[in-house]
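In UniProt numbering, the protein residues as written are 1 to 67.
Built from N, CA and C at the ideal position, the CB exists for glycine as well.
Keep in mind the model is a prediction, meaning the values are calculated, not measured.
Remarks on the structure that follows.
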């Protein structure tokens with residue numbers, strides 16, 4: 001996983017369809033879903049780290065655009 005699109009597709013494959021209309025809220029829900037998948041041993045630590053890195057980058061870009 002390297003892009004937000006790939007992360008969204010990955011989570012959809014695991015049953016998480018997230019769209020609230022609020023970008024920051026969506027990113028927070030993505031993080032919660034990733035952490036739950038890890039806690040349930042459905043993904044490994046590398047996948048969790050990759051996903052969190054993508055989310056951190058996306059949130060940073062979002063905040064730059066809204067400041």
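Query	Result
Selection from 66, 12, 42 and 45 that minimises the alpha carbon distance to residue 30	12
Residue of 67, 44 and 60 minimising C-alpha distance to residue 1	44
Three-state class that DSSP yields for residue 44 in the structure shown	coil
Unbroken alpha helix (DSSP H) run spanning residue 24, endpoints	23-39
DSSP three-state assignment for residue 60, whether helix, strand or coil	helix
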